[in-house]
Structure formats: structure tokens, C-alpha cells
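Just below is one structure, and these are the notes that go with it.
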Amino acid sequence: MNTRTILLAIALMLPSAAGAQAPSLKPTFDFKPAVLDSKDGAGTTLGLEYALKLQRPLTTFGSDANSNSLDPSTLVRQLAVSLDSRGVVTPEAARNPRNFLEFNGTLGALVSTATAGTFGVAAKVGYEADQSFISKQLVYGGTATYGKITLLGANDFLGLTTSYVQVDPTADTVRAFTLGATGAGAAELEQYGRWSVEGLYMAPISIGPVRALELNVRYYTELSAPDAIKRAKLDNHVLGTIRLGLTNDIFVAYSVGSLPFDRNDDHVYALGWSYKLK
Amino acid sequence: MFTWKENNACVATYKVLEGDSFLDQFEDADIPFEEAGSVKLGTLRYFPKTTNNADLIEVLSFEIARKFIKHLTKVFTVTKEKPGTTAEIIVAVAAVFADKEKTIAELAELVDENIRFPDESDTQSDTTVAKRRAPRRRAERNAERNTEGKQR
Chain A
2 MNTRTILLAI ALMLPSAAGA QAPSLKPTFD FKPAVLDSKD GAGTTLGLEY
52 ALKLQRPLTT FGSDANSNSL DPSTLVRQLA VSLDSRGVVT PEAARNPRNF
102 LEFNGTLGAL VSTATAGTFG VAAKVGYEAD QSFISKQLVY GGTATYGKIT
152 LLGANDFLGL TTSYVQVDPT ADTVRAFTLG ATGAGAAELE QYGRWSVEGL
202 YMAPISIGPV RALELNVRYY TELSAPDAIK RAKLDNHVLG TIRLGLTNDI
252 FVAYSVGSLP FDRNDDHVYA LGWSYKLK
Chain B
1453 MFTWKENNAC VATYKVLEGD SFLDQFEDAD IPFEEAGSVK LGTLRYFPKT
1503 TNNADLIEVL SFEIARKFIK HLTKVFTVTK EKPGTTAEII VAVAAVFADK
1553 EKTIAELAEL VDENIRFPDE SDTQSDTTVA KRRAPRRRAE RNAERNTEGK
1603 QR
């Protein structure tokens, strides 16, 4: 156990800046404030967790245009392009326990079936950086995603997404230091392959005051990592989160692990209350 | 401008979202019908709270959109409101479910625009039918008052 950070998530459902969107160009915004209190000596700071997405469907394929009836079992196939970004920012980067920002562009295809779930594949180009943009890297590759509702019980959901990307570390100070690359060498770090997986499981349950269970795991691994990277434990990152939704809109959550650019594992406890602004 | 009220689209949307045998996204004791229109979809049970991965949210939105349409067709005798494919309707509904800032009223508006309920005419959406109903109800009430007046 290296660093213990208390995350008090105040889900105040701030008004969104999304506004009206054209049917074919749908930006979505999500901003959520968070108070982070690190017991590692960094004090307390206010953070902002954000997620932005802009998607444009290119075409949708369907087979019942000549019928007046609705067919919920119809096969849905879609091509779309999208831009998205997510991360957590704080006034001081050193206090940010989730110091990893992502910016991605994808061209994807999606197939949704009646009984076997929904599948998606996409080609991806991305840019990853820490909050201060001192460490940054380009990534390009592909992703595959699968999701199925009502898998084990009524209205539960299992989602898996995996990607393989080639990482071009344009400036990664930690990696450069670990590999002994300094000066001009720091700017010429070799590219490497990275495989990542993210799993999500959600289920409504009714055990005492518990009403919902949510599990999320994110795993990143560098393929054929140099020994120095392995010794510094920079080749693998795992972040796991469990969240229990309770009655009266109260929730408790615990997460442990790290993301790329994090040097230490963080243990993050969250206790919060969701308040719906009307 | 779409208004949340007791018309087919709003009632059907509420019933499918709330029903224990349907999507079971909230309890009617917590969110009564009158207040449901302004509730954001991101507060409902289906929307993940531990991740904002766009790919996962996208497949989830398609799964729940299909299930939403499936329950609508099982409980209500509905057809398409305008030419097009069911796939296009599922895509449109999925886009709403994927946006946590969208409200239940906006979902009902999409239902109203794309799905026709049994008592709607060929050229009218459900909101137009609701307006047409009001005058008849007033006429019926006036007729009742006149009858009661004569009886006294």
C-alpha cells in the first residue's frame, strides 16, 4: 500500500454546456467536480473530472424500410467517426492522483444484434499526456468492444473493450529517466506496443441497503518492455474500482491502482451522495 | 416545443423506464410521473458511474435502446411514425441513452417523433392528438353540467 488518497465525489449534476445539437453531429459533455485529499502530504485540492465526445454517424444499415411495423430484433449496423477526450485535472498537477488525459479520434463500425450483444471495432489515433503536458505520447492502433445487457440477471450489463496501439513517446520524462535517456536522447525514445483492456460490469441488486453494484477494471501492459522499464514497474498498470449504490442516493466506492504516467499506486476511497438538481 | 405531460409517448416512456418487469431504472416513489420529465438519463441506474469510456457507453446505449424499443412494442401496439428502418430508430434512441445530460422528456420526445400509438391518425403525432382531446373533454363536462342543471 503506497499512497492513500481520499476522494470525496460530490455529484452535483452541474448544468451541462451541451445545448442543442444537430441530429448528425452530437457533442456530449460531462463535467464532475471532485475534492481530492491526499494523505501523502500533498494536501487537499479541488479537481475536475471531464469527458467530451463528438460523434458523427456516417451511415446506418437496416432491412425493414418497407414495413410499418417496428422490429426490435432487427440487426443494426453503423459506421461513424468520433472525437473524444477524458481525464481529471487539478489546479496543481502534483496533487492529481489520476494524472492521465486522453484525446482520441476514431473511425468505427458497430453491429448490434438481438440476442448476442453489440460489437464495435474502430481504428484509433490518440494523444495522451499528463495534466502539465510535460509527459506526452501519440498512440495509433485499433480497438474492439463488446457489450451485452441482461447477461446473468435482469438488466445487468457486461462490457469489454480492448485495444492494441503503437505508442510513440514524444516526451515521457519518467520513461526517459528510467532508460537513462537524457538530453537529446530523451526526445528519441523508441516506439513500443501497448495492449489495454477495460471491463465493466453493472448489476441491480437488493441486499440490505445496497441497490446497485458496479465493477470497473482498466489494464495497460507494454509488450516486450525493456528490463529497466520492468524493474521500475512501468510496464503494467491496473486500476480497479468497485462502487455500491445504496438507498437514498448514497454511494460508496473504492479504487486502487495506477494509470500510465502514474508512478505510484493510489488507493482511493469515495463516499458520496447524488443530488438531482431540478 | 415538446412538453412533458400525460400523453402516450410520455406515459409509455415512463412505464418502460420505471417498470420492475421492464428496465427498472428507478422507483415511482422516488421519481413520480409529474417530476420525471426533467430527470437526466445520467442519474438512472443503467448509466455507469465508474467509467466514462466512450466505447463502452456506446455499446451499452445500443443494448438498452433495443431493450427499450422491445418493451414498447410488447406493451403497446405501436408502429413507425414515418418512413425508415427500425435500425435508424434504435440508433436515434441509443444516441439519447448515451448522453447523460439528456432528460427523460427528451427521450419521450424522440418516441413521439418516431413511434405511432394506436389512437394517433396518419398525419398527427401524439401531442397533436392530446390537444384535440381537450376540447372534447370540455364539451363533455359542459354537457354533464347542463344535464345536472336540468335535473335540479
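From first to last, the protein sequence lines are chains A and B.
Mapping of the first sequence onto this note's numbering: residues 2 to 279, in sequence order.
Mapping of the second sequence onto this note's numbering: residues 1453 to 1604, in sequence order.
Think of the CB as a built atom: it goes at the ideal place given N, C-alpha and C, for glycine as much as any other residue.
Computed from a predicted structure; not experimentally measured.
The alpha-carbon of Ala155(A) is positioned some 30 Å away from that of Ser68(A).
Below 8 Å, enough C-beta pairs join the segment 75 to 90 of chain A and the segment 47 to 54 of chain A to call them touching: three or more. If you draw a straight line from the Cα of Val239(A) to the Cα of Val1527(B), it is about 44 Å long. Taking 8 Å as the cut-off between beta carbons, the residues of the segment 187 to 210 of chain A near chain B are Glu199, Leu201, Met203 and Pro205, in sequence order.
Contact of Leu71(A) with chain B by beta-carbon distance below 8 Å involves Ile1521, Leu1524, Thr1525, Val1530, Thr1531, Lys1532, Thr1538, Ile1541 and Ile1567. Shown here, Ala117(A) sits in coil according to DSSP, grouped into three states, outside any helix or strand. Interface with chain B (8 Å Cβ-Cβ cutoff): Asp85(A) is included. The beta carbon of Val198(A) sits closer than 6 Å to those of Thr163 and Tyr220, all from its chain and outside the five residues before and after it, given in chain order. At a cut-off of 8 Å, the C-beta of Lys1552(B) has a neighbouring C-beta in chain A.
Ser113(A) sits buried, since 16 or more C-beta atoms from the chains shown fall within 10 Å of its C-beta. With a cut-off of 8 Å on Cβ pairs, the segment 1536 to 1554 of chain B is in contact with the segment 1508 to 1517 of chain B, counting three or more such pairs. Annotation: Cys1462(B) to Tyr255(A) spans about 37 Å, alpha carbon to alpha carbon.
Contact residues of the segment 141 to 156 of chain A toward chain B are Thr144, Thr146, Tyr147, Gly148, Lys149, Ile150, Thr151, Ala155 and Asn156 (C-beta to C-beta distance below 8 Å).
In the pairwise beta carbon analysis, the segment 108 to 127 of chain A is classified as touching the segment 141 to 152 of chain A: at least three pairs are separated by under 8 Å. With 16 or more other Cβ atoms from the protein chains shown falling within 10 Å of its own Cβ, Thr1537(B) counts as buried. With contacts defined as CB atoms closer than 8 Å, Thr222(A) and Trp196(A) qualify as a contacting pair. Put simply, the CB of Lys1501(B) is near chain A, with a gap under 8 Å to one of its CB atoms. Between Ile1521(B) and Pro73(A), the CB-CB gap stays under 8 Å. The three-state secondary structure of Leu1508(B), taken from DSSP, is helix.
Taking 8 Å as the cut-off, the beta carbon of Thr107(A) is found no closer than this to the beta carbon of Leu80(A). When Cβ-Cβ separations below 8 Å define contact, Ala1506(B) makes contact with chain A. Per the coordinates, the alpha-carbon of Gly1494(B) lies some 16 Å from the alpha-carbon of Thr1465(B). Residue-level contact by beta carbon holds for Pro1535(B) and chain A, with a gap shorter than 8 Å.
Between Leu1559(B) and chain A, the shortest Cβ-Cβ separation is not below 8 Å. Contact between Val218(A) and Gly241(A) holds, since their C-beta atoms are separated by about 5 Å, short of 8 Å. The Cβ neighbour count for Gln1477(B), taken over all protein chains shown within 10 Å, is at least 16; the residue is labelled buried. Rounded to whole angstroms, the separation of the alpha carbons of Arg1497(B) and Asp236(A) is 35 Å.
A distance below 6 Å between beta-carbons, with the five flanking residues on each side excluded, links Phe1454(B) to the following residues of its chain, in chain order: Glu1561. Leu47(A) sits exposed, since fewer than 16 C-beta atoms from the chains shown fall within 10 Å of its C-beta. A straight-line Cα-Cα distance of about 38 Å links Leu180(A) and Phe30(A). Under the DSSP assignment, Lys137(A) falls in the beta strand (DSSP E) whose first and last residues are Lys137 to Ile150. In this structure Asn249(A) is exposed. Its beta-carbon is surrounded by fewer than 16 other beta-carbon atoms within 10 angstroms. Within the segment 1463 to 1549 of chain B, the runs of alpha helix (DSSP H) that reach at least 4 residues and sit entirely inside it are, in chain order, 1485 to 1488, 1506 to 1527 and 1538 to 1549. Burial state of Ser136(A) is buried, judged by a 10 Å Cβ sphere holding 16 or more other Cβ atoms.
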